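Take a look at the structure set out below.
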Amino acid sequence: MVTSRRYSGIDDYYAISAFIQSLYRPYNRDGNWLQPIWAYMHSHPNLDWGALGRIRIWEDHGPIVAVAHFEMALGEAFFQVHPDYAALKPELLDYAIAELASVEPDGSRSLRAFISDFDTDFARRAASVGFTRDPGNDRTLSVLETPEGFTPDLRLPEGYRLISLAEDNDLAKMHRVLWRGFNHAGEPPVEGIVWRKQMQSSPFFRPDLTLAVEAPNGDWASFCGMWFEAPNRIALVEPVATDPAYRRLGLGRAVVLEGVRRCSALGARLAFVGSDQAFYHALGFKTASVSQAWSRRSPADGGP
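Take the sequence shown: its letters are residues 1023 to 1326, numbered as in our numbering.
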């Protein structure tokens, strides 16, 4: 008998992590999340921790068979489903509509659900209950093959060097390169350093795989986080940023490929990134899967 319940803490964090890991098929052919995405979600400073209890877990006499959840905040819905339990998807979608939607200032309820591009039955179900395609918010997962002996060209300009956080975990420098690298104006707010500490809180965080390019003056010019998942021999690139003052020097290319190389040396045979930017395709990444965005908005007096 399949039953469902709310997420209830750290034990469920690990249980869902293991469940997602068990669903993986090479090149993300299963269409579910990669386990490192789940790990990164819980270390992100924008995560709404107060809403984690809205995550719902479906179980069949103990083992998890499906999960409906958001990523950072209410208003979005993702679905991790064991292939033998696809019939649960309408129930998961109904739950998301009722419990994962955000309430807008005018009282209306808004939800963006993500559905694999090959899951046409689930997409039809979403359309039948008022969702419409929102292609501008699709999420692409790209992949790079990393065979044994993966040795990319990592040349840097003179005076620049690659370092890992295992060597120098300077939160202020990390904060600055990420702030500026994501095109925020001015110098970063000092209080934001706590965000960077939060990014290292995951039990799956690896300082030896989290890299920066140090400029001759000591600035961190480029940054790349890497997540390695040994059982499925995969890596995830997240996040990546280069300070605008140091762009077009090949630093982003070098720091990403060095992170991928380190994961390959540990056994990763595929590296993923949640992007279809030309930058990644120039490094050899190719589209693996697309999660299509479907949006629904109901009026304040229109119920769920």
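A virtual CB, placed ideally from N, CA and C, is assigned to each residue, including glycine. Fair warning: this is a prediction, and the values are worked out from it, not measured in the lab.
- Task: Return the CA-CA distance between VAL1295 and ARG1131, expressed in angstroms with no decimal places.
- Result: 31 Å
- Item | Candidates ALA1120, GLU1236, VAL1151 and LEU1163: closest to ASP1139 by CA position | LEU1163
- Task: Could you tell me whether the Cβ atoms of ILE1077 and VAL1087 are closer together than 8 Å?
- Result: no
- Could you give the DSSP three-state label for ILE1077: helix, strand or coil? coil
- Does the distance from the CB of LEU1122 to the CB of PHE1307 come in under 8 Å? no
- Item | Backbone CA spacing between GLU1251 and ALA1287 [nearest angstrom] | 13 Å
- Message: Could you give the first and the last residue of the continuous alpha helix (DSSP H) run that contains PRO1112?
- Response: 1111 to 1121
- Query: In three-state DSSP terms, what is ASP1082?
  - Reply: strand
- Whole-angstrom distance between ALA1276 and LEU1176, CA atom to CA atom: 5 Å
- Message: Considering only the alpha carbon of each residue, which of ILE1059, ARG1155, LEU1056 and ARG1027 lies closest to GLY1075?
- Response: ARG1027
- Can you give the Cα-Cα distance for ASN1068 and ALA1095, rounded to whole angstroms? 8 Å
- Task: Go ahead and pull the three-state DSSP assignment for ILE1041.
- Result: It is worth fixing the name first, because residue 1041 is Phe in this sequence and not Ile. PHE1041 falls in the helix class under three-state DSSP.
- Where TRP1201 sits in the DSSP three-state scheme: helix
- Task: Give, in chain order, every unbroken run of the alpha helix (DSSP H) that is at least 4 residues long and sits entirely within the segment 1231 to 1296.
- Result: 1273 to 1288
- Task: Name the one or two DSSP bridge partners that ALA1135 has.
- Result: ALA1099 and TRP1316
- Would you list the residues sitting across from ALA1088 in a DSSP beta bridge? TRP1080 and VAL1103
- Query: Near ARG1198, what residues of its chain come up, given a Cβ to Cβ distance below 6 Å and the 5 sequence neighbours on each side ignored?
  - Reply: PRO1210
- Message: I need the straight-line Cα distance from TYR1117 to HIS1091, nearest angstrom please.
- Response: 10 Å
- Do you know whose CA, among LEU1231, ARG1147 and PRO1321, lies nearest VAL1278's CA? LEU1231
- Item | VAL1024 burial status per 10 Å Cβ neighbour count (16 or more: buried) | exposed
- Query: DSSP state of VAL1212, grouped into three classes?
  - Reply: helix
- Message: According to DSSP, ARG1028 sits in a beta bridge with which residue or residues?
- Response: ARG1078
- Task: Output yes or no for whether 8 Å exceeds the beta carbon distance between TYR1302 and VAL1235.
- Result: no
- Message: Please state the DSSP three-state secondary structure of LEU1178.
- Response: coil
- Going by C-alpha distance, which of PHE1172, LEU1056 and GLY1289 is nearest ILE1038? LEU1056
- Query: Leaving out five residues before and five after PRO1169 in sequence, what residues of the same chain have Cβ atoms less than 8 Å from its Cβ?
  - Reply: SER1286 and ARG1291
- How is the beta strand (DSSP E) around PHE1186 delimited, first residue to last? Residue identity differs from the one stated: residue 1186 is Ser in this sequence, not Phe. Here the beta strand (DSSP E) through SER1186 covers 1183 to 1186.
- Message: Looking at the secondary structure, which residues open and close the beta strand (DSSP E) in which ARG1147 lies?
- Response: Counting along the chain, ARG1147 falls outside any beta strand (DSSP E), though it belongs to the alpha helix (DSSP H) covering 1142 to 1150.
- If you compare alpha carbons, which of TRP1080, ASP1033, ALA1322 and LEU1273 is closest to PRO1179? LEU1273
- Query: Looking only at its own chain, which residues have a Cβ that is under 6 Å from the Cβ of ASP1342, when we skip the five neighbours before and after it?
  - Reply: Past the boundaries of the shown model lies residue 1342; the chain is included only from 1023 to 1326, so the question cannot be answered.
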